[in-house]
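>
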Ligand SMILES: CC(C)(COP(=O)(O)OP(=O)(O)OC[C@H]1O[C@@H](n2cnc3c(N)ncnc32)[C@H](O)[C@@H]1OP(=O)(O)O)[C@@H](O)C(=O)NCCC(=O)NCCS
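Residue numbers (full-length UniProt numbering): 1 to 208.
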């Protein structure tokens, strides 16, 4: 299993996740943060198909799609899966509630020798500003550079997304450039900021 101190990461489970993802992908606020295309409604079937396609496409390139779950507090149960545990209780209640996604993807048609991955991250708004994003990104950097052997981890963020930009800078991503007025969002042009971290930058901070 994949764990941080307070989170558990797992693969997309269509049976368990489709309803929640359909809610998220019909929430205009969420759509505006994670997708720089105008928001459109999505049916449950199209959400399931979309996530399955993304998961399959990325797993073919060796890059995972993670569903991010919150570990139950220690007083409510174990903090990691025991031998016969499931993510869900028998009554269907989530023991490890889903709170977000973290998706790694390859640059379209990029040669494997560049060892570059891009990512997208989104946490449910009830769970913002609790340090989860920072914790997840720090784990993801170690996973990408140490486990996957990436050379470069990159992302883009809309200029209005101050919280995300702050967190990216805090964990060591460097602003590399701005694509000016790249997106048309809710009646105005928005700059698109490109950021990245290189393996040597991460290893320099994490020499044992
Ligand atoms: C962006 C996101 C992943 C960050 O995760 P998070 O768990 O909320 O972030 P954390 O709690 O780890 O850290 C939040 C930091 O941002 C700061 N912050 C909050 N709102 C801010 C704002 N409007 N401007 C600047 N900084 C802000 C907090 O003070 C905190 O900083 P600190 O740790 O230095 O005190 C999460 O908020 C999210 O999923 N947002 C919606 C989707 C999204 O925007 N995805 C990114 C698309 S590029």
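Note that beta-carbon positions come from the ideal geometry of N, C-alpha and C, so glycine has one too. Note that the coordinates shown come from a computational prediction; the quantities given were computed from them, not determined experimentally.
1. Just tell me which of 95, 40 and 121 has its CA closest to the CA of residue 66.
2. Is it buried or exposed for residue 164, if we count other Cβ within 10 angstroms and need 16 for buried?
3. Would residue 118 and residue 155 qualify as a contact pair, given that the criterion is a beta-carbon distance under 8 Å?
4. For residue 203, which option in 191, 160 and 144 has the closest C-alpha, if you only look at C-alpha atoms?
5. Could you check which residue in 193, 187, 20 and 30 has the C-alpha nearest to that of residue 97?
6. Can you tell me whether residue 112 is buried or exposed? The criterion is at least 16 other CB atoms within 10 Å of its CB, across all chains shown.
7. Which one of 150, 142, 146 and 189 has the shortest CA to CA distance from residue 4?
8. Let me see if you follow: with CB-CB separation under 8 Å, is residue 96 close to chain D or not?
9. Return helix, strand or coil for residue 71, following the three-state DSSP convention.
10. What residue does the alpha helix (DSSP H) around residue 112 start on, and which one ends it?
11. Between the Cα of residue 172 and the Cα atoms of 104, 159, 139 and 56, which residue gives the shortest distance?
12. According to the Cβ coordinates, are residue 46 and residue 106 closer than 8 Å?
13. Can the beta-carbon of residue 211 be found less than 8 Å from the beta-carbon of residue 42?
14. Alpha helix (DSSP H) containing residue 165: first to last residue?
15. For my contact list, residue 181 and residue 191 are in at a C-beta cut-off of 8 Å; report their separation, rounded to the angstrom.
16. Tell me the residue span of the beta strand (DSSP E) that contains residue 175.
17. Considering only C-alpha positions, which residue in the set 39, 100 and 7 is nearest to residue 18?
18. Would you say residue 7 and residue 70 are within 8 Å of each other, going by their C-beta atoms?
19. Exposed or buried, which one is residue 177 when buried takes at least 16 other CB atoms within 10 Å?
20. Taking 8 Å as the cut-off, decide whether the C-beta atoms of residue 12 and residue 51 are in contact.
21. Looking at ligand 1, does it come within less than 7 Å of residue 26, judged from the CB to the closest heavy atom?
According to the data block:
1. As a first step, residue 66 must be located in the chain shown, where it is residue number 66. The residue with the shortest Cα to Cα distance from residue 66 is 121.
2. What you label residue 164 is simply residue 164 of the chain shown in a count that begins at 1. So residue 164 counts as buried.
3. The residue labelled residue 118 in the question sits at position 118 within the chain shown. The residue labelled residue 155 in the question sits at position 155 within the chain shown. Contact flag set, yes.
4. Numbered from its first residue, the chain shown carries residue 203 at position 203. Minimum Cα distance to residue 203 is reached at 144.
5. The residue given as residue 97 occupies position 97 in the chain shown. For the set 193, 187, 20 and 30, the Cα lying nearest the Cα of residue 97 is the one of 20.
6. For the purposes of this step, residue 112 is taken as the residue at position 112 of the chain shown. Result: exposed.
7. Translated into positions along the chain shown, residue 4 becomes position 4. Selected option, being the one with the closest Cα: 142.
8. Reference to chain D is not applicable here, since this structure consists of a single protein chain.
9. As a first step, residue 71 must be located in the chain shown, where it is residue number 71. The answer is coil: DSSP assigns residue 71 none of H, G, I, E or B.
10. As a working mapping, residue 112 is identified with position 112 in the chain shown. No alpha helix (DSSP H) holds residue 112; DSSP gives it neither H nor E.
11. Within the chain shown, the letter at position 172 stands for residue 172. The candidate whose alpha carbon is nearest that of residue 172 is 139.
12. Along the chain shown, one-based indexing puts residue 46 at 46. Along the chain shown, one-based indexing puts residue 106 at 106. Against a cut-off of 8 Å, the Cβ pair of residue 106 and residue 46 comes out as no contact.
13. One cannot answer for residue 211 here, as it falls past the ends of the chain, which runs 1 to 208.
14. Your numbering for residue 165 matches position 165 in the chain shown. Here the alpha helix (DSSP H) through residue 165 covers 162–170.
15. In the chain shown, counting from the first residue as 1, residue 181 sits at position 181. In the chain shown, counting from the first residue as 1, residue 191 sits at position 191. About 6 Å separates the two Cβ atoms, so the contact holds.
16. Within the chain shown, residue 175 is the residue found at index 175, counting from 1. Segment 174–185, the beta strand (DSSP E) holding residue 175.
17. As a position in the chain shown, residue 18 is number 18, starting the count at 1. Closest by alpha carbon: 100.
18. As a first step, residue 7 must be located in the chain shown, where it is residue number 7. As a first step, residue 70 must be located in the chain shown, where it is residue number 70. Yes, these two residues count as a Cβ contact at 8 Å.
19. Indexing the chain shown from 1 puts residue 177 at position 177. By the 10 Å Cβ count, residue 177 comes out exposed.
20. As a working mapping, residue 12 is identified with position 12 in the chain shown. As a working mapping, residue 51 is identified with position 51 in the chain shown. Going by C-beta atoms, residue 12 is nearer than 8 Å to residue 51.
21. Numbered from 1 along the chain shown, position 26 holds the residue referred to as residue 26. No, Cβ of residue 26 sits at least 7 Å from all heavy atoms of ligand 1.
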